[in-house]
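Each remark here refers to the structure printed beneath this line.
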Amino acid sequence: MTQDPALPAELLQHRVSDLPAGAPIALPLTPASTFALPGTTDAPFTYGRAGGPTWSALEEALGVLEQAEVAVLPSGMAAISSVLLTQLTPGDRVLLPSDGYYATRSLAERFLVPAGIEAVLRPTAEYAQQDLTGFTVVHLETPSNPGLDLCDIAEVSARAHAAGALVVVDNTTLTPFGQRPLDLGADVVVASDTKAPNGHSDALLGHVASRDAAVMETVRAWRTLAGGIPGQLETWLVHRGLETLELRLDRMCTSAQVLAERLAEHPAVQGVVHPGLASHPQRELVARQMARTGSLIGLTLADEGAAERFLAAARLVVPATSFGGVHTSGERRARWGDAVPGGFVRLSVGCEPTEALWADLDAALRDLG
Ligand SMILES: Cc1ncc(COP(=O)(O)O)c(C=O)c1O
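Listed below in structure tokens is the structure:
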């Protein structure tokens with residue numbers, strides 16, 4: 107699958123093409139909680155918990171990318187919970203990835219299961235074999251974080267729809283430039299914009315996108331009534347980040363590909379997983395479903411000690427737990443309890459020049475002896 111060049115052009119152009127003379131080209135940040143309502147409540151904005159101009163600008167920009175209605179939420183988890191908590195009722199059954207982002211599973215264990223919702227966990231690569239009969243929501247994450255396994259969004263969506271289920275895809279690792287779940291048949295996209303869309307490690311945000319008007323109305327009502335709303339500054343920061351997402355993602359994914367190929371040949375490395383490698387077990391699906399192969403690399407070193415020494419020695423790898431930022435970062439995922447070997451490092455490749463990164467990684471690996 108290839109990326110449509112019209113999308114990044116439209117993203118940059120849609121808001122500024124009809125600006126009146128003298129208007130700022132940059133999006134104004136409007137930190138308003140209350141809006142003037144002389145004699146009527148019929149106004150574009152009324153009260154900040156229900157919406158405001160900065161939110162609307164970001165929702166329009168994300169809507170251009172998703173080609174769908176969008177609601178912004180204060181974090182990726184707020185986006186995920188706004189869908190799961192509103193679409194599931196007691197007695198329902200939800201399918202979740204056992205190898206996906208751990209907080210989604212914890213949300214189910216702590217809050218969905220006690221409310222009488224059955225949560226079934228399956229590895230992402232085994233969704234193809236899962237009977238979907240009886241599920242209300244099928245939630246998937248492909249590539250999964252951190253193992254980078256895939257499942258076929260179009261195939262799972264078709265079977266889930268035949269079984270009457272709503273299909274929700276966490277598209278955080280690839281963004282709409284890397285993968286387009288709604289075009290492949292999914293009903294809802296949830297994503298953490300804390301990652302690459304913001305890209306500068308200075309704001310948390312998330313969004314829900316769908317072409318199903320009823321789902322979006324419910325998510326917006328949930329946001330207004332539960333009251334978990336994005337801050338205006340965070341929204342503005344993500345809007346600003348989004349304008350360079352395509353450029354940053356291009357550098358990050360291109361570098362990740364080069365680095366993954368070289369790391370796979372390195373004598374100090376026991377294993378490398380990256381969707382762009384010819385060795386990825388689902389290579390055919392990568393080509394069919396993904397426009398970009400992402401900025402994440404799973405790197406297995408000899409053991410926990412080797413992984414920690416590598417992270418300490420690599421000057422260009424910030425030891426941190428997020429991904430998608432301009433700075434390359436990395437961490438041992440077993441420290442959070444992910445089902446990966448002790449020496450498994452998740453590398454998030456940033457925007458540094460590729461050869462500078464390689465020189466740094468290579469030197470840190472040589473230090474391991
Ligand atoms: C795949 C995935 N989904 C959702 C989230 C949650 O995002 P946030 O931290 O913005 O709530 C994360 C965070 O790492 C993630 O990796």
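Heads up, the sequence shown is in this note's numbering, so the first residue is 107 and it goes up one at a time. We treat Cβ as the ideally placed atom computed from N, Cα and C, and that holds for glycine.
Check	Outcome
Terminal residues of the continuous alpha helix (DSSP H) containing glutamate 367?	351-371
Between leucine 311 and ligand 1, is there a pair consisting of the residue's CB and a ligand heavy atom that are separated by less than 8 Å?	yes
Can you list the alpha helix (DSSP H) stretches of 4 or more residues lying completely in the region 379-410, in chain order?	389-395
Mapping the DSSP letters down to three states, classify proline 203 as helix, strand or coil.	strand
Under three-state DSSP, which class holds arginine 346?	helix
Counting only runs that start and end within the region 216-288, where is the beta strand (DSSP E) found for 3 or more residues in a row?	224-228, 243-247 and 272-276
Please state if the CB of leucine 202 and the CB of valine 170 are separated by a distance shorter than 9 Å.	no
Under DSSP, the beta strand (DSSP E) around leucine 179 begins and ends at which residues?	175-179
Would you identify the three-state DSSP class for alanine 315, choosing helix, strand or coil?	strand
State buried or exposed for serine 212, treating a residue as buried only when at least 16 other CB atoms are found within 10 Å of its CB.	exposed
Pick out whichever of Gly240, Glu367 and Pro373 has its Cα sitting closest to the Cα of serine 385.	Glu367
Flag this pair as yes or no: are the beta carbons of valine 446 and threonine 434 separated by less than 9 Å?	no
Answer yes or no: the CB of tyrosine 233 versus the heavy atoms of ligand 1, is any distance below 8 Å?	no
Once you ignore the five residues that flank glutamate 165 on each side, which residues in its own chain have a CB closer than 6 Å to its CB?	Val176 and Val178
Just to confirm my understanding: we take proline 282, look at its own chain, exclude 5 residues before and 5 after, and list those with CB closer than 7 Å. What are they?	Leu171 and Glu172
Can you tell which of Ala370, Gly400 and Leu417 has its C-alpha closest to the C-alpha of phenylalanine 478?	Residue 478 lies beyond the range of the chain shown here (107 to 475); nothing can be said about it.
What's the gap between the Cα of leucine 254 and the Cα of glutamine 119?	33 Å
Sorted by chain position, which residues of the same chain lie with C-beta nearer than 8 Å to glycine 240's C-beta, five sequence neighbours on each side aside?	Arg199 and Ala269
Can you tell me which of Ala332, Cys359 and Glu437 puts its alpha carbon nearest to the alpha carbon of arginine 155?	Ala332
Give the single residue among Ala234, Leu190 and Glu232 whose Cα lies nearest to the Cα of arginine 216.	Leu190
Is any heavy atom of ligand 1 found at a distance shorter than 8 Å from the C-beta of methionine 183?	yes
Rounding to the nearest angstrom, what Cα-Cα distance links glycine 443 and threonine 300 in this structure?	22 Å
Grab the span of the beta strand (DSSP E) containing valine 296 for me, first residue to last.	294-298
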